[in-house]
Amino acid sequence: MAVEAIDVNCDMGEGFGAWQLRETDDATLIKLISSANIAAGFHAGDPSLMDRTVRMAAEHGVGIGAHPGYRDLQGFGRRRIDGSPAELVNDIIYQVGAIREFAKRHGAALQHVKPHGALYMELAVNEEFSDAFVSYMRKVQPDTAIFCMGMSVTYRIAKAAGQPVIREFFADRDYADDGSIVFTRRVGRLDPELVADKVVKACRTGKVTSVAGNEIDIEFESICFHSDTLGSADIAEAMRRRLVESGIRIVPVSRILAR
Numbered sequence: 006m007a008v009e010a011i012d013v014n015c016d017m018g019e020g021f022g023a024w025q026l027r028e029t030d031d032a033t034l035i036k037l038i039s040s041a042n043i044a045a046g047f048h049a050g051d052p053s054l055m056d057r058t059v060r061m062a063a064e065h066g067v068g069i070g071a072h073p074g075y076r077d078l079q080g081f082g083r084r085r086i087d088g089s090p091a092e093l094v095n096d097i098i099y100q101v102g103a104i105r106e107f108a109k110r111h112g113a114a115l116q117h118v119k120p121h122g123a124l125y126m127e128l129a130v131n132e133e134f135s136d137a138f139v140s141y142m143r144k145v146q147p148d149t150a151i152f153c154m155g156m157s158v159t160y161r162i163a164k165a166a167g168q169p170v171i172r173e174f175f176a177d178r179d180y181a182d183d184g185s186i187v188f189t190r191r192v193g194r195l196d197p198e199l200v201a202d203k204v205v206k207a208c209r210t211g212k213v214t215s216v217a218g219n220e221i222d223i224e225f226e227s228i229c230f231h232s233d234t235l236g237s238a239d240i241a242e243a244m245r246r247r248l249v250e251s252g253i254r255i256v257p258v259s260r261i262l263a264r
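Structural data, given as structure tokens:
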């Protein structure tokens, strides 16, 4: 796999009321990405913050994505919550609707839906839940992309159903040998240049080094990094510079799906 054009996405709007994540500067990050995953209220985000973040994305021509999570403000959506697929999909519908309406307010459309944290990881392995989620998307948002891991159940079901789907490469997370990300709560400060090396290598060769030290295959259409990773702005700037220097264009998801 060698890519000539790629999307870059970042989780944004992940504060609540007076509380903001440390080192998070969405106003800086929005200039360095092509897609924004906007917290939709259950793991982070409040109506005014959603409105502000959506408006900022629309003003910069950045694709607007809903970033629904488990109903877990205290745990930042990183704790798994038991619930039936129907109940959990209803939680997703509620959150997607909020971001979609704010997008309409600012003359934009919803580009994608990317579940957050533990919800993302549960969907990746839960056949019944993923089937219910994709069925909802086919009925209500048939032209809206789902962001997920390439090795996930979600990807397989969405692809088979004809739903637009974008596979992600996680710049600031480690990989297991099966191609899944190693879910961790504390990443620490990463070297931006080493992260950029990892990203360019993946784009050029379709390979990433797993935590076990093995070279594994990885296919993707979007690069993800997280605004709450320490030094996220430095990481974004290094990735963008190195991608451009390598002749890899950063483009909107619509252009990737049209290929």
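Okay, so the sequence shown: first residue is 6 according to the working numbering, each after it adds one. Where is the CB? At the ideal position from N, CA and C, for every residue including glycine.
Three-state class that DSSP yields for residue i in the structure shown
i    : result
I104 : helix
A165 : helix
S277 : Absent from the model: residue 277. The displayed extent of the chain is 6 to 264, so no value can be given.
K36  : coil
E132 : helix
G68  : strand
F230 : strand
Y2   : Here the chain covers residues 6 to 264 and nothing more, so residue 2 does not appear.
R83  : coil
T214 : strand
A150 : strand
F138 : helix
R246 : helix
D12  : strand
I253 : coil
Residues of its chain near residue i, where Cβ-Cβ distance is below 6 angstroms and the 5 sequence neighbours each way are ignored
i    : result
R245 : L37
G236 : R194
L262 : P169
Close beta carbons around residue i, own chain, < 8 angstroms, minus the five adjacent residues each side
i    : result
L128 : P120, F134, S135, F138, C153, S157, V158, T159
K164 : V170
M55  : G18, I43, A44, A45, G46, A103, I104, F107
E242 : L37, P197
A181 : V187, S215, V216, A217
E224 : M6, G155, R172, G211
Contact check, residue i vs residue j, beta carbons under 7 angstroms
i    : j    : result
A103 : A45  : yes
G70  : H111 : no
G211 : D222 : yes
G68  : P257 : yes
C229 : E173 : yes
V205 : S251 : yes
D16  : H72  : yes
Q100 : M142 : no
Closest by C-alpha distance to residue i, when choosing among the options
i    : options                : result
N14  : I255, R264, A263, L262 : I255
A91  : D202, R105, S185, N131 : N131
F47  : I223, A243, I98        : I98
G122 : E9, L78, Q146          : L78
D179 : D196, V205, R161, S215 : S215
L199 : E226, I253, L262, I240 : I240
K144 : M126, L124, S53, A166  : A166
V213 : V249, D183, S232       : D183
G20  : I253, R260, S232       : S232
8 angstroms contact criterion, which residue i and residue j should meet: CB distance rounded
i    : j   : result
D51  : G82 : Wrong, their Cβ atoms sit about 14 angstroms apart, outside the cutoff.
D31  : T58 : 6 angstroms
A238 : L34 : 6 angstroms
E226 : I11 : 7 angstroms
Spatial neighbours of residue i in its chain, beta-carbon cut-off 7 angstroms, leaving aside the 5 residues before and after
i    : result
I162 : S135, D136, V139
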